[in-house]
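The block underneath contains the structure these notes are about, expressed in structure tokens.
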Amino acid sequence: MPNSRILALIAVLGALFLSGTASIVNQVVWQRGLKIQLGGSESISSMIVVLVFMLGLGLGAALMGSWARRVDRPLRIFASIELALCLVNLLIAGLFALDLSESIYAVQRLALSTGLPLRLIYALAALLVLLVPTVLMGATLPIASETCQRQLGARESSLITILFFLNTLGAVLGAFGSSFVLLPLFGQRFSLIMAAALNLVAAAILFGLHLSFQSPKPNESTPRAAAAQRGWRPNREEMLGFGLGCVSLAYEMYLFRLMALAHEPLPVTFAITLCFYLLFWSVGVFFSSRFPKRLTVIFSLTALMVATTPYVYELDRFSAHFSMAFGGLLYFIPCIGFGLLYGVLVSRSNRDWGSDVGRYYAYNTLGSCLGILAMTLVGYELPLHYGAFVITVGILVSLFYWLASSQVREPASRIRWRVAMLTSCVALVGLIMSGMSIPYSLSSTHGIRTYWGRDGVVEVFEDGDVYIDGLWHTHLSPGGQHIGKSYTWMMAVSALLARDDEPAQDILVIGNGVGLTASTFAGQPEARIDAYEINRTLEEVLRDYEAETLGAGRNPQIKIAWMDARSGLALNTKQYDIIVSAPLYLRQAGSSTLLSKEYFELLGRRLKPKGVVAVYAHEGTPAQSTLVRRTIASVFDYQQTFDKHVVLIASNDPIRIDREALAKLENRPGVLAAQLRNYGATRAGGRRADLLARLDRPSAPVRLGKFLITDDHPLVEYIWAARRLVDIESENEPSD
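Numbered per the working numbering, the sequence shown finishes at 736, counting up by one with no gaps.
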């Protein structure tokens with residue numbers, strides 16, 4: 001190959017790398033942005049975005065695969081796609097900058113009035129926003145393959161795996177950069193603009209090549225006739241690609257849950273899981289050209305490694321406690337096998353690169369969509385051992401298909417193929433429908449009673465500790481053990497103390513959990529409590545541990561809505577005397593959804609006159625607490641804290657908490673008043689614990705500052721970024 005063509009090939013590979021980087025930055029931001037705008041649980045919102053992402057990629061690959069052979073100058077089309085991606089991503093960044101909340105809420109109210117499920121609306125909205133950019137992304141690899149073969153004269157089929165390797169390596173960089181730099185320090189819109197800039201650079205490189213590089217006429221000797229007559233009936237490699245997409249994406253979704261349980265559901269956990277999944281997969285693709293005839297061995301070893309994953313998890317979580325950067329990498333070894341299989345299979349489609357790559361890519365992503373649906377709607381309701389077993393069986397089925405088809409020279413008849421496809425579709429629909437009708441499953445190991453559900457995992461330990469999605473949540477209270485606890489009982493009591501002029505009748509608890517905060521409020525006979533809880537798996541916990549959860553699941557004073565709070569607040573305009581945003585770890589992925597300025601503004605609109613808000617506001621670092629207090633101060637005029645800023649009370653009316661307020665609360669009828677009168681065990685000196693001693697001393701007014709928690713900038717979730725930006729801002733503040 002002449003030097004000019006080699007340089008041109010390097011430039012095309014570089015553009016493809018930049019395109020891969022931009023695509024994953026977009027995916028990470030879209031997932032977060034659509035969750036905020038549309039609501040839904042973390043697993044469901046992830047499923048919707050990844051599903052739409054893969055559908056778009058598959059459709060784009062299919063369209064470009066069928067069109068690539070008719071393109072005279074693929075370089076120009078490749079450049080145009082990158083430019084279009086730049087413009088579309090800038091448009092989406094602009095949409096994220098607009099306040100579309102009222103329009104979105106209006107659509108959601110209309111859907112509810114017509115009986116349509118909100119999740120269907122979420123999926124349609126995501127499809128509407130993301131279809132065009134994802135279709136364009138899906139077209140890049142087929143057109144890049146066509147460019148390399150026809151315009152640059154490449155003939156070695158191993159180059160196809162290099163294309164996928166570099167594109168995925170760019171995605172690794174994008175996942176790392178977006179999760180560790182762009183989102184923590186700059187926010188969503190800036191991240192999307194940076195992704196658009198990468199697409200623009202790729203477009204500039206490709207347009208430059210198009211203008212300076214004279215391409216030859218299309219090589220008519222390239223065997224296109226057979227491909228043109230084949231239609232969309234899949235060959236053996238494409239069928240295997242379909243199955244591989246199903247099991248590999250099911251394993252990715254499986255890893256997202258497993259890693260959250262083993263290493264806490266933090267933003268960094270999601271980022272590391274995504275980065276290492278892509279990295280190990282790309283390594284497998286890179287080395288696949290060395291194992292072109294080892295499919296049986298690769299299938300077998302990959303199935304074996306997936307089957308051992310739950311045992312690695314048991315060792316990690318309960319004994320060895322691996323770090324994610326070292327021992328935790330054991331979880332990603334199967335991804336090398338998936339990459340090897342992908343590279344070997346796609347390299348077999350090497351006659352007409354643009355068309356064959358597009359076809360294989362389309363079938364693979366279609367299988368990926370099935371894997372995402374099956375794991376999220378069904379697999380998430382199974383214990384980890386069963387999930388790994390199902391994926392292992394899927395890999396072995398693909399292996400048996402490979403072995404059986406290798407013995408048959410002629411392809412199966414059209415009728416048999418259609419019967420097989422119909423049977424598979426019926427089985428898949430039945431599997432998904434059965435999963436949708438069974439909300440959870442139950443397992444018991446290591447003395448832990450575990451409830452597995454698509455909305456989350458709840459673990460109840462023998463000593464009464466409750467973990468939700470891998471993080472400690474609270475302790476069950478069979479004998480009043482919750483009394484005095486900051487995260488449950490004190491949240492309710494502090495809010496009631498701040499509103500001493502008249503009894504609070506309408507109360508809202510956001511994040512009901514196991515119901516201890518709501519049950520504390522129910523200790524006042526006049527209280528009517530609404531509660532939002534996104535994790536429906538907890539419904540069974542409330543039923544099985546009725547006494548230990550103070551009967552929260554069956555208390556007529558408590559009405560639980562199983563949905564995300566932001567959607568509930570938007571759709572229900574009822575106003576409350578007290579709103580409690582119950583315990584949520586500040587460092588947890590998605591916590592800023594219930595800590596942002598926009599969220600507190602929504603709470604303010606749902607408060608009655610003299611209403612108060614109680615928020616969990618401190619965890620670990622002063623920088624996080626400072627951010628929460630600043631953000632609340634940007635919305636509410638007054639605030640007061642308890643227990644060293646752990647509980648924060650906010651209102652637009654002055655807050656007065658004193659002995660008189662406590663006396664009023666103690667003299668009211670009901671269980672709560674009795675608890676207050678008896679608060680604290682009698683000390684050795686004969687004095688009772690003083691509840692008001694937990695009230696923090698008045699401090700200087702909170703400075704608003706430049707950095708707040710917003711929907712665009714979820715700063716509080718990233719401890720290191722919060723500390724750095726708050727400290728830098730504090731150093732630049734003028735002294736009083």
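Backbone N, C-alpha and C fix where the C-beta goes; we use that ideal spot for every residue, glycine too. Nothing here was measured: the structure is a model prediction, and the numbers come from that model.
Taking the CB atoms as reference points, tell me whether residue i and residue j lie closer together than 8 Å.
i: A203; j: L83; result: yes
i: S368; j: I160; result: no
i: M490; j: G484; result: yes
i: I81; j: V129; result: no
i: G284; j: F338; result: yes
i: Q151; j: P267; result: no
i: A623; j: T517; result: no
i: I560; j: A531; result: yes
i: E619; j: Y576; result: no
Residue i to residue j, Cα distance in whole Å?
i: V647; j: V726; result: 21 Å
i: V628; j: R5; result: 56 Å
i: L304; j: F521; result: 52 Å
i: D637; j: V613; result: 12 Å
i: A374; j: M239; result: 18 Å
i: A15; j: L163; result: 11 Å
i: V635; j: M54; result: 39 Å
i: A552; j: V135; result: 47 Å
i: F322; j: E314; result: 11 Å
i: V344; j: A250; result: 20 Å
i: R683; j: S486; result: With a pLDDT of 39 at R683, under the threshold of 50, the modelled position of this residue cannot be trusted; read the value that follows with caution. R683 and S486: Cα-Cα distance of roughly 20 Å.
i: V25; j: I534; result: 27 Å
i: F326; j: I298; result: 24 Å
i: F276; j: R155; result: 31 Å
i: G456; j: A79; result: 43 Å
i: G685; j: H482; result: For G685, the pLDDT reaches just 47, beneath the cut-off of 50, and the residue's location in the model is therefore unreliable, although a value from the coordinates is still provided. Answer to the nearest angstrom: the Cα atoms are 24 Å apart.
i: Q31; j: V50; result: 8 Å
i: D696; j: I649; result: 11 Å
i: Y342; j: S398; result: 13 Å
Taking the alpha helix (DSSP H) that residue i belongs to, which residues open and close that run?
i: E381; result: Premise fails: E381 is in no alpha helix (DSSP H) and is neither H nor E.
i: L198; result: 188-212
i: F78; result: 74-97
i: R668; result: Taken as a continuous stretch (DSSP letters only), R668 belongs to no alpha helix (DSSP H), as it is neither H nor E.
i: Y251; result: 236-263
i: Y342; result: 333-347
i: V493; result: 489-498
Identify whether residue i lies in helix, strand or coil by the three-state DSSP scheme.
i: L278; result: helix
i: A561; result: strand
i: L662; result: helix
i: D653; result: coil
i: R566; result: helix
i: Y679; result: coil
i: A531; result: strand
i: V635; result: coil
i: K610; result: strand
i: S368; result: helix
i: T710; result: coil
i: T517; result: helix
i: S596; result: coil
i: S157; result: coil
i: T296; result: helix
i: S323; result: coil
i: T740; result: Lying outside 1 to 736, the shown extent of the chain, residue 740 is not represented and no answer is given.
i: P622; result: helix
i: R554; result: coil
i: P133; result: helix
i: E526; result: coil
i: P478; result: coil
Which residue or residues does DSSP assign as beta-bridge partners of residue i?
i: V615; result: S581, L648
i: R290; result: According to DSSP, R290 bridges with nothing at all.
i: L695; result: F642
i: Y576; result: L607
i: T537; result: T537 is not bridged to any residue.
What are the start and end residues of the beta strand (DSSP E) that includes residue i?
i: E459; result: 456-461
i: T474; result: 471-475
i: L508; result: 506-510
i: G453; result: 448-453
i: V466; result: 465-468
Using only the heavy atoms of the ligand FMN, determine whether one of them is closer than 7 Å to the beta carbon of residue i.
i: L266; result: As for the ligand FMN, it is missing from this structure, which has no ligand bound.
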